[in-house]
Structure formats: C-alpha cells, structure tokens
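Enquirer: Mind looking over this structure? Questions follow.
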Amino acid sequence: MRRFFLFCSAVLITLAGYVFYQYQQGLAEADGDFQKDGQFEFNGKSANLDTMNVLLLGIDSRGEEHSRADTIMIAHYDKDNNQPKIVSLMRDSYVDIPGYGKNKINAAYAFGGPELLRKTIKENFGIDVNYYAVVDFKGFSKVVDTIAPNGIEVDINQRMSHGIGMTLEPGKQTLHGEELLGYVRFRHDSQSDFGRVQRQQEVLGKLTEEALSLQTIAKAPKLWGIIDPYVDTNVPPKTFVSIGKDFLLGSSNELDSLRIPVDGAFTNERVSGAGAVLRLDLEKNRQEIQTFLD
945 MRRFFLFCSA VLITLAGYVF YQYQQGLAEA DGDFQKDGQF EFNGKSANLD TMNVLLLGID
1005 SRGEEHSRAD TIMIAHYDKD NNQPKIVSLM RDSYVDIPGY GKNKINAAYA FGGPELLRKT
1065 IKENFGIDVN YYAVVDFKGF SKVVDTIAPN GIEVDINQRM SHGIGMTLEP GKQTLHGEEL
1125 LGYVRFRHDS QSDFGRVQRQ QEVLGKLTEE ALSLQTIAKA PKLWGIIDPY VDTNVPPKTF
1185 VSIGKDFLLG SSNELDSLRI PVDGAFTNER VSGAGAVLRL DLEKNRQEIQ TFLD
C-alpha cells in the first residue's frame, strides 16, 4: 500500500511539473503586452455548470485607453441539450446604451467595459450574461498556430487585401495564424461586416474541432500559457474543466451559430454623431435570440 501511495505521488508530481513547464513555455512564446488591470467590474449572475452565457469580446489594443469592441459574441452552453451555441452581435447595431442614449453597441465597451455591455445586451435583447472574456487579437495568430499547426482550410470567395496588411487570393487554401487573422478581419467588400461575421463563425467552428483533437489536448497547458497574456476573464476555472470534460467525452454537438440582426430585421441608416448604423427591429431580433438559445 505504501509503495502504491509513493508511486501515485511520484506520478502526480511529475504531471504537475510537466503542466507547469508547458505553461511556462507557452508564456515565453506569447510575448504579449495586453495590459490586464485585474478583472473588470462585472455583475452578471453566477451560473451553475449546466447552462451559462459568456460574453466574448475581441479587441485590437493599440494603446487606447477606451477602445471599442471589434467583435461581440455570446457563447451559450446548455448541458441538457448538449449544444454549444454562438450569437454574433454586429458592432454597428444601433441600440440604447444605459446612461448614454443611443449609439452603436460596440461603443458600450468603450464607455463602461464589459459590465456596461452586459447591461446593454440585457436591456435591448433580454439576455442575461453570466461571465465575460476579453481577448486581444494580438494573440490570435499564436493561438491558431498552436491549436492547428497544419493550418485551417477555407474557401476564399474573392481577393482580400485592403485593411489587413496582406493579400489573400481566391480559392480553397490552408491558412495559418497571421493569414487567418486577416481572413476573419477583412470587411472592405460589398458584404462589409456581414461577411466578416460569417467568416468569424466559420473559423471559430473549425478551431473548436481542432482544439478537441488528442494532439491539441496534450498541448493544453502550453496553449493556456500562450492564451493567458491576451485574455482577461472571470469564468471560474471549474467551469472550464466541466465544459471541457463534456466535450472530451463526446457529449456535445457541433457549434451552432446565429447573427444579430437577422435578415429582414434591420435597415441601413446614417445617424449624426454615430455614422453608418444598423437600425434594428428589436422585437423581432429579441425573439430570434430567445428561440435560438431555447
């Protein structure tokens, strides 16, 4: 019995050392300078481990004190339905921001961080968000190359160059970190942000599949070391473990997605002080979100 106990202790110590070493390697490769000032103020209700909504925010930190959110998503998980879901809220959606009047929804992050954005989503769409995760795009390419070292295959429907610092030619291609970042951020075409949101959802689904492969699971500590400098979140560690366990056991379906506003529930307008906006049929979009999440 004593020998068995010593053997188990040795295995645990070795495993802990491996995890710590891999995590430190990830930190060294990250070289991130996303300034985390501790966790943001956030008053979302704590969720149980069966169902929750997480506000996912992508930002491009360039030294501004109050940057707007470049990407706004709500990640929904319901253990009973075994269905992870993503709702993408287009950043030009014209909504009521509590205490600030009407503006684009991404301005709420600049005015009051994740907490004001949480209040804005609750007031306009009736959705309670439990947690948040703010992700700096600077870490995107490193994360992609760690999760999918062989790249992600996409079908580019047109030449992309303006505003992304590179040129992507049409056709089926396998893209790596920096190229994939350019792909998901391109919006200077006839589809504008609509096409960009569609590409973001496409890539997120493919990265999720790659992340659940056995090769990636083995690199989990290193991956977290790479991600950590670029992420500020209040999601409890036990929640990550619980959801990860469900995915690893194969009890969850593929990622399902929705874009807000939905087709036929908005108009393109120009508003003084805000510029080009999407004026939403709030009732219809609110109903679409509720139906999708339920």
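To convert, note that position 117 of the sequence shown is 1061 in our numbering; the numbers rise steadily by one, no gaps. The C-beta atom is built at its ideal place from N, Cα and C for all residues, glycine as well.
#1: Can you tell which of L1224, N1212, D1014 has its C-alpha closest to the C-alpha of N1135?
#2: If you drop the 5 nearest sequence neighbours on each side, which residues of the same chain put their C-beta closer than 8 Å to that of K1066?
#3: Assuming T1177 and Y1075 make a contact with CB atoms under 8 Å, what is their CB distance in whole Å?
#4: Could you check the C-alpha separation between F1236 and E1154 for me, to the nearest Å?
#5: Look at the alpha carbon of N1094 and the alpha carbon of P1042, and state the distance between them as a whole number of angstroms.
#6: What are the boundary residues of the beta strand (DSSP E) that includes R1223?
#7: Pick out whichever of H1132, N1026, R1214, G1002 has its Cα sitting closest to the Cα of D1238.
#8: Distance, Cα to Cα, P1165 vs G1045?
#9: Which whole runs of the alpha helix (DSSP H) in the region 1101–1169 are 4 residues long or more, in chain order?
#10: For a test of your reading of the model: does the CB of D1022 fall under 8 Å from any non-hydrogen atom of the ligand HEM? Yes or no.
#11: Are the beta-carbon atoms of Q1102 and S1032 separated by less than 9 Å?
#12: Which runs of the alpha helix (DSSP H) spanning at least 4 residues fall entirely within the region 1013–1088, listed in chain order?
#13: First and last residue of the beta strand (DSSP E) that includes S1201?
#14: Just to confirm my understanding: we take L1125, look at its own chain, exclude 5 residues before and 5 after, and list those with CB closer than 6 Å. What are they?
#15: Looking at I1096 and A1118, is the spacing between their C-beta atoms short of 9 Å?
#16: What's the call for M1034, buried or exposed, on a 16-neighbour Cβ count within 10 Å?
#17: Do you know whose CA, among D1080, E1113, G1121, G988, lies nearest L1061's CA?
#18: When the Cα of N1229 is compared with those of D1024, V998, Y1038, which residue comes out closest?
#19: For N1229, name the three-state secondary structure that DSSP assigns.
#20: Looking only at its own chain, which residues have a Cβ that is under 6 Å from the Cβ of E985, when we skip the five neighbours before and after it?
#21: What are the start and end residues of the beta strand (DSSP E) that includes N997?
#22: Could you check if E1227 is buried or exposed, using at least 16 other CB atoms within 10 Å of its CB as the buried criterion?
#23: Determine whether the beta carbon atoms of K1048 and V1221 lie at a separation below 9 Å.
#24: What are the boundary residues of the beta strand (DSSP E) that D1176 is part of?
#25: Whose C-alpha, out of D1133, I1003, D1089, G1149, is nearest the C-alpha of N1050?
#26: Can you grab the Cα-Cα spacing for the pair R1214 / N997, in whole Å?
#27: Write down the C-beta distance between H1132 and V1088 rounded to the nearest angstrom, noting that I regard them as a contact closer than 8 Å.
#28: Spatial neighbours of R1140 within its chain, please: CB distance less than 6 Å, with the 5 preceding and 5 following residues excluded, ordered by chain position.
#29: Could you please give the first and the last residue of the uninterrupted beta strand (DSSP E) stretch that includes F1210?
#30: By DSSP's criteria, I1096 is part of a beta bridge. Which residues make up the other side?
#31: Tell me the rounded alpha-carbon separation between K1182 and W1168.
Expert: Let me spell this out:
#1: The sequence shown places Gln at residue 1135, not Asn. When each option's Cα is compared against that of Q1135, the closest is N1212.
#2: D1072, V1073
#3: 7 Å
#4: 25 Å
#5: 45 Å
#6: 1219–1224
#7: N1026
#8: 44 Å
#9: 1121–1129, 1136–1155, 1158–1162
#10: Within the structure as shown, the ligand HEM is missing, as the structure has no ligands at all.
#11: no
#12: 1051–1069
#13: 1200–1204
#14: F1084, S1085
#15: It is worth fixing the name first, because residue 1118 is Thr in this sequence and not Ala. Yes, the Cβ-Cβ distance between T1118 and I1096 is below 9 Å.
#16: buried
#17: G988
#18: Y1038
#19: helix
#20: E1059
#21: 995–1003
#22: exposed
#23: yes
#24: 1175–1177
#25: I1003
#26: 32 Å
#27: That belief does not hold up - the Cβ atoms of H1132 and V1088 are roughly 22 Å apart, past 8 Å.
#28: R1131
#29: 1210–1215
#30: L1119
#31: 15 Å
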